[in-house]
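Numbering (the numbering used here), first residue to last: 15 to 246. Positions of the beta carbon are idealized from the N, C-alpha and C atoms, including for glycine. Predicted, not measured: the structure shown is a model, and the values here were computed from it. As structure tokens, the structure follows; a few thoughts come after it.
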């Protein structure tokens, strides 16, 4: 029986690796191309929520033009003040988180881009595997999808209550008004619920939620106000 020549074996291995890498890249890039042009019909977090709570999901997509500009400003002020400027990761915040961890403190540094990837495609745990996949997909999201579109998708799929997803549903559920009529205060109250949406009620806010909303409202002009969204 003739043995394969080492050169032929190496070429076969290289071809297999190249094919595998091509498949990984296509599997990563194709969803981003789709969501750049097509509104996602659902998200992984919505589907998981349906199974966990067996209840009707409140979710109504709203184009950015149908949303008060105060709301995306409030989200940027609350979640990711460097969103217009970074490439998907806030390195300064990551360094601060690492310093806090050395002191036994725990907090997140996920950007709006990372949270968008997590909400749409991934599962809610803090494993290294999920974080790695999230980082990889975030790179592709930033490469393919414009910032304004990322923000539009985020505000439509962020969770604002046990079964409340997106600003369209949140504005109606908590304040009985369309998203286009949200005031700065109402926008800040909804955005303030983001870290713990299942335990927050913007319509009947706790003292903590009021304090957090006041901070967000104070930060909104500091991050650029409505101009920052118009310029995305």
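For residue i, count neighbouring Cβ atoms within 10 angstroms of its own Cβ and tell me buried if that reaches 16, exposed if not.
i	result
residue 138	exposed
residue 119	Summary for residue 119: the model assigns pLDDT 45, below 50, so the residue's position carries little reliability, and this model does not support an answer.
residue 29	exposed
residue 40	exposed
residue 191	exposed
residue 94	buried
residue 34	exposed
residue 268	Here the chain covers residues 15 to 246 and nothing more, so residue 268 does not appear.
Are the beta-carbon atoms belonging to residue i and residue j less than 8 angstroms from one another?
i	j	result
residue 46	residue 150	no
residue 184	residue 231	no
residue 187	residue 72	yes
residue 108	residue 130	no
residue 172	residue 208	yes
residue 43	residue 158	yes
residue 266	residue 123	One cannot answer for residue 266 here, as it falls past the ends of the chain, which runs 15 to 246.
residue 57	residue 134	yes
Here's a check: name, in chain order, each residue in its chain whose Cβ is nearer than 6 angstroms to the Cβ of residue i, leaving out the five neighbours to either side.
i	result
residue 75	53 and 170
residue 96	104
residue 128	148 and 152
residue 223	206 and 214
residue 26	none
residue 101	156
residue 32	none
Residues in the same chain with beta-carbon distance under 7 angstroms from residue i, minus the five sequence neighbours each way, listed in chain order, please.
i	result
residue 80	193 and 194
residue 174	184, 204, 207 and 211
residue 253	The chain is shown only over 15 to 246; residue 253 falls outside these bounds and no answer can be derived.
residue 217	188 and 189
If you drop the 5 nearest sequence neighbours on each side, which residues of the same chain put their C-beta closer than 8 angstroms to that of residue i?
i	result
residue 219	203, 206 and 227
residue 196	81, 82, 84, 85, 181, 185, 189 and 204
residue 246	98, 160, 161, 162 and 165
Since I believe residue j is in contact with residue i (beta carbons under 8 angstroms), could you give me their beta-carbon distance rounded to a whole number of angstroms?
i	j	result
residue 98	residue 161	6 angstroms
Considering only the alpha carbon of each residue, which of the options lies closest to residue i?
i	options	result
residue 176	60, 38 and 144	60
residue 67	33, 178, 221 and 166	178
residue 49	24, 36, 143 and 166	166
residue 239	57, 69, 33 and 89	89
residue 225	199, 106, 110 and 32	199
residue 77	24, 65 and 51	51
Please confirm whether residue i has its beta-carbon closer than 8 angstroms to some beta-carbon of chain C.
i	result
residue 30	This model lacks chain C altogether; it includes just one protein chain.
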